[in-house]
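> First residue of the sequence shown: 2, per my numbering; consecutive thereafter. Just so it is clear, CB atoms sit at the ideal spot from N, CA and C, and this is done for glycine as well. Just so it is clear, the structure is predicted and the values come from calculations on it, not from any experiment. Submitted below is the structure of interest, expressed as structure tokens.
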Amino acid sequence: MSAADPRRRWTVLGAGCLLALVAGTCPSASASPEVLRAGDTEAAGALHPEALPDAEPPSSGNRATPALARTPARAEPDEPESPLRVAIDRLRPAVVPTEGDLVVTGSVTNVSESTWVDNKVYLLTSTDPMTTEDEIDVAVASDPNIEIGDRLVAPGLFQLVPDLAPGDSTRFRLVVPARRLMVSGAPGVYWLGVHVLGTDETGRIEGADGRARTLLPLVPDRASTRLALGMPFRRHVVREADGTLLYDQLWAAQLRSGRLERVRAFAASALPDAAEDSTDPPRRPRRDGAGSRTAAGSAREARDGDTAAGRGAVADNAPDGWPLTWLVDGALLDAADSLSAGNPAIDLASDGSNEVTAPDDEPSEEETAARAAEDDPAAKAATRWVDRFVADARRTSVLALPYGDLDVSATADGTRGPEIVSIALNQSQSVLSARGVSSAPVVAPPSGYLSPEGLGVLDPDLRVVLGRAAIPEELEDPDDPTVFAAPRGGALTTTPSDEGIWGPGPGRSHSALAVRQRLLAEAAVHALSDDATEPLVTVLPALWDPGRDWERSEFFDALAAQPWLDGVSLSSVVDPAAVGSVTVRGDDLVYPDEEVLEEVPAYAVAASSALVDRSLTLQDLLTDDAGLGERVDRQALLTSSVWSRTFPGVATQRARDAVERVDDWLGGVTIRGPSFITMSSESGTFQVTLVNGLDQAVTVGLSATVRGGPLRLTTPDPVDLPPGGRRPMRIEADATDIGVHQVTLQPVSQTGRALGETSTLSVRSSKVGMILWFIMAGGGVALFGAITVRTVRRLLARRRRRTAGATA
């Protein structure tokens, strides 16, 4: 059965119900949120279910601070805990050197309850390389305690580090000449490991007491390939019904020095000649002239005792930046903007035209919030972050994700699917363009999967990035395996799953250095494959945190230092004008049952659609909405975000509350007039008054409908009303019979969208007027006839008198 078959959804949901009986819940594509809200609310009280998925530990005083944060993209895999925890944080060069030294630095931490003495740190490598992607996948997923090679135990190749009491840490630095590395020299990817051997009160044990592993590629000069790398800027954005940002203090912490600031600084370090800022987190050493280091870089080198002499080392290759493509959710930037402005609510602000009626010239809520933000540390941190983000984004390639990370697969099932998806893409681009950042739209679901219906509603010429598992292997084109054609003219490419980007354990497999080495390893085997002429496409995990010491990895310097690896922008690779010969259609996509179950439910999508509808009405009503309708649109999209999948009932209720709030605004335009009107004939006019109860100018018209009886009404064109203004509206009526007609008047926007409440009145048409005219006409004829007769008689009498007088 095809994934596009609608029966599949209900089959899967039915299976989900059976599996969920133990929990007492059943997934539904159309269930009312009231059914699920009880559980959501209970969870919200205890865990705050919409806690940001990459939240930092909460600070005191945080409003509605979540007690539990989901961290799917940052959690390290479970592994047996060794008494000594080893972390590699710098590796120079990033590949097997052919000359000079290999320098490895890192830390050793005692996580046991014992004191460890006589601690020695050793380097080891594998002898034979891995040469395929599958071999690397298997190796990374392997038992971290397996032996990968022999330790280098010769004098001078290992290091004795200080004794470690429980909780203590120390640094290590290993320098091994290239000629002493125990590698075969064949092209491919080698294991590189660090072992720590020590002694506690029980004595020595068999094997290492602490381990760390990473990958070390070796690529000959004759091989080459390209890497297209994307960095996502995503985060769960949650707003109250009034539009205020929730978890504002958590956001402030993230923007000040947390994950969002680290991601921004990390991405900015890929730019050529990245500007130094003394208030920024440390960046990679810059170079002045031909390879000389700046004082800051030299000081850090001296402190760590690191030098690099091997071919491919960063010290000998001053890169000009790396063409990193940013994938940006405009909702994230809007959230930072809200915080920088004092987190105001979405409200009908005065446009200044009614200043005369404003009591005591009191400032608006937005003005009050803006003044408070001037001295708010959170607002300052957000402003600083936005300014830096925008300055950097203007200098790089940017792809705009659907606003709020809209669940495209779920939204596509709705009656307004194409419209909502288009609004989401346009809104993200609008956020960026308003700040002078050029972008192109892209759909890149965090899970890597897109439903057949989701692909079907996308606009032509749109870029799509999916996980490799979403495309069947049989569809791959051997002549052009990178970019596929989408059904309506767009371009579609694939990227590894998160597991295909993390480094191996034990150790910090999600660290910047671990990810860097995994990227280089994947690029190395790609360069050695038959597909080397096509770029390797990789988008970093959605909520990845490069870590507080990301700079030590020299991430982009190491990529750019490789002579066999060239960078190319992701946006240029996923170009609708340069697609391959294979077209991926909706039915071709792999869309697992688990994804069907996890989609945002239909009631959440319906709530989003209802709020979008109110937003369109509001934009039609306000003469100058100053972006108010656009903000409501964006608030609506957050309800159907992929991040709302876990607790959709909470998000849905917020959207419904927001709908009621906008309805109250729309109800501010009313009609006043008589309840009964009598026309003296079958045709006539009557008058009602339109009243604007809002503090913004509106453009409003009238819609009139008749129940019972043939009465035709003609309403005037829409009119502009100032804040608090009113205006009489004359309605023409034409009846074809005599009687009472029920008329319903509805205030409408300039495009005919209904506003607020209706007004009902009765109109009586009659022929009384015509009868009166006949009576008046008859009376007039009788009057003039009598006058004429009397005048004639008088003239005749006068003539008779004259005749009689003459005779006499």
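Out of 764, 159, 149 and 618, state which residue places its alpha-carbon closest to the alpha-carbon of residue 119.
With distances taken between Cα atoms, residue 119 lies closest to 159.
> Below 8 Å, can you find three or more Cβ-Cβ pairs linking the segment 97-116 to the segment 159-169?
The segment 97-116 vs the segment 159-169: in contact.
> For the beta strand (DSSP E) holding residue 192, just list the boundary residues, first then last.
Unbroken beta strand (DSSP E) run through residue 192: 189-200.
> Compute the Euclidean distance between the alpha carbons of residue 543 and residue 611, then round it to the nearest angstrom.
Distance between the alpha carbons of residue 543 and residue 611: 29 Å.
> Looking only at C-alpha atoms, which of 749, 521 and 791 sits nearest to residue 227?
Nearest C-alpha to residue 227: 521.
> Using the C-alpha atoms, what's the distance from residue 232 back to residue 253?
Roughly 21 Å between the two C-alpha positions.
> How close, in whole Å, do the beta carbons of residue 468 and residue 496 come, if the pair is a contact with beta carbons under 8 Å?
Sure, about 6 Å apart at Cβ, within 8 Å.
> Around the C-beta of residue 524, are 16 or more other C-beta atoms found within 10 angstroms, so that it is buried, or is it exposed?
Buried: at least 16 other Cβ atoms inside 10 Å.
> Taking the alpha-carbon positions, what's the residue 725 to residue 751 distance?
Their Cα atoms are separated by approximately 18 Å.
> Name, in chain order, the residues that DSSP records as bridge partners for residue 563.
Note: residue 563 sits in no beta bridge, so no partner.
> Is the CB-CB distance between residue 188 and residue 537 below 8 Å?
No.
> Would you decide whether residue 789 is buried or exposed? Buried here means 16 or more other CB atoms lie within 10 Å of its CB.
The residue in question, residue 789, is exposed, as its Cβ has fewer than 16 Cβ neighbours within 10 Å.
> Nearest to residue 737 by CA position, among 759, 765 and 758, is which residue?
Looking at the Cα atoms, 765 is the closest of the given residues.
> Out of 644, 511 and 746, which one is the CA nearest neighbour of residue 406?
If we check each option's Cα against that of residue 406, 644 comes out closest.
> Tell me which residue opens and which closes the alpha helix (DSSP H) that residue 390 is part of.
Counting along the chain, the alpha helix (DSSP H) containing residue 390 begins and ends at 378-394.
> Is residue 794 helix, strand or coil by DSSP?
Residue 794 falls in the helix class under three-state DSSP.
> Please return the same chain residues whose Cβ sits closer than 8 Å to the Cβ of residue 451, not counting the five positions on each side in sequence.
So the list reads 409, 410, 444, 465, 467, 471, 590 and 592, once near-sequence residues are dropped.
> Any idea which residues DSSP pairs residue 174 with across the strands?
Residue 174 pairs with 106.
> Name the one or two DSSP bridge partners that residue 742 has.
DSSP output for residue 742 lists 764 as bridge partner(s).
> For the ligand FMN, is there a heavy atom less than 7 Å away from the beta-carbon of residue 96?
No copy of the ligand FMN occurs in the structure displayed, which carries no ligand at all.
> Closer than 6 Å by C-beta to residue 333: which residues in its own chain qualify, once you throw out the five before and the five after it? Chain order, please.
These residues qualify, in order along the chain: 234 and 236.
> In angstroms with no decimal places, state the Cα-to-Cα distance between residue 720 and residue 658.
Those two C-alpha atoms are separated by around 30 Å.
> Whole angstroms is fine: what's the gap from residue 125's alpha carbon to residue 103's?
Straight-line Cα distance between these residues: approximately 12 Å.
> Please tell me whether residue 693 and residue 670 are closer than 8 Å, where the distance is taken between their beta carbons.
Contact flag set, yes.
> Nearest-angstrom Cα distance between residue 547 and residue 616?
Cα to Cα, residue 547 sits roughly 38 Å from residue 616.
> Can you tell me whether DSSP reads residue 416 as helix, strand or coil?
In this structure, residue 416 counts as coil in the three-state DSSP scheme.
> Got a sec, what are the start and stop residues for the beta strand (DSSP E) residue 604 sits in?
It is not in any beta strand (DSSP E) - residue 604 instead sits in the alpha helix (DSSP H) that spans 603-622.
> Round the Cβ separation of residue 415 and residue 606 to the nearest angstrom and send it over; I've been treating them as touching at under 8 Å.
Rounded, the Cβ-Cβ distance is 5 Å, consistent with contact.
> Going by DSSP, what residue range makes up the beta strand (DSSP E) through residue 87?
Element bounds for residue 87: 85-93.
> Is it buried or exposed for residue 222, if we count other Cβ within 10 angstroms and need 16 for buried?
Residue 222 comes out exposed.
> Does the beta-carbon distance from residue 440 to residue 399 come in below 8 Å?
Contact: yes.
> In or out: residue 206 buried (at least 16 other Cβ within 10 Å) or exposed?
Counting Cβ neighbours within 10 Å, residue 206 comes out exposed, since fewer than 16 surround it.
> What do you get for residue 796, buried or exposed, if any count of 16 or more other CB atoms within 10 angstroms of its CB means buried?
Exposed, by the Cβ-count rule.
> Apart from the five residues just before and just after residue 702, which ones in its own chain have a Cβ nearer than 6 Å to its Cβ?
Excluding positions up to five away in sequence, the list reads 719 and 749.
> How far does the alpha helix (DSSP H) with residue 269 in it reach, from first residue to last?
Counting along the chain, the alpha helix (DSSP H) containing residue 269 begins and ends at 260-269.
> Below 7 Å CB to CB, which residues in the same chain sit around residue 609 once its five sequence neighbours on both sides are set aside?
Hits under 7 Å: 421, 637, 638, 640, 641 and 656.
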